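In the numbering used here, the protein residues as written are 394 to 465.
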């Protein structure tokens, strides 16, 4: 698992000043291309349900913190 930012999905390696356009990448194995995953994420003590589609052995949730903030 790792985070990136922006439309270009630039990988974050350390603390970031970005918070509005953070993407969550989940590397996978054993899943078929196009397979959908049901995910439960926890953020600030609350859970969030989402789905992601496997592409190139990973699932990417764009703007993950924006989506989590909407649920709270």
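We put the CB at the ideal spot given by N, CA and C, even for glycine. None of the values given here were measured: they were computed from a predicted structure.
| query | result |
| --- | --- |
| Given residue 440, which residues of its chain have a CB within under 8 Å of its CB, disregarding the five upstream and five downstream residues? | 433, 434 |
| Going by the CB atoms, is the gap between residue 421 and residue 447 shorter than 7 Å? | yes |
| Based on Cα-Cα distance, which residue from 438, 445, 397, 416 lies nearest to residue 428? | 445 |
| If contacts are defined as beta-carbon pairs under 8 Å, then residue 362 and residue 454 qualify, I think. What distance do you get, rounded to the angstrom? | Summary: the structure shown does not reach residue 362, with the chain confined to residues 394 through 465, and so no result is reported for it. |
| Excluding the five sequence neighbours on either side, which residues of its own chain have a C-beta within less than 7 Å of the C-beta of residue 451, listed in chain order? | 418, 419, 420, 421 |
| Excluding sequence positions up to five away, which residues of its chain have a Cβ less than 8 Å from the Cβ of residue 456? | 413, 414, 415, 416 |
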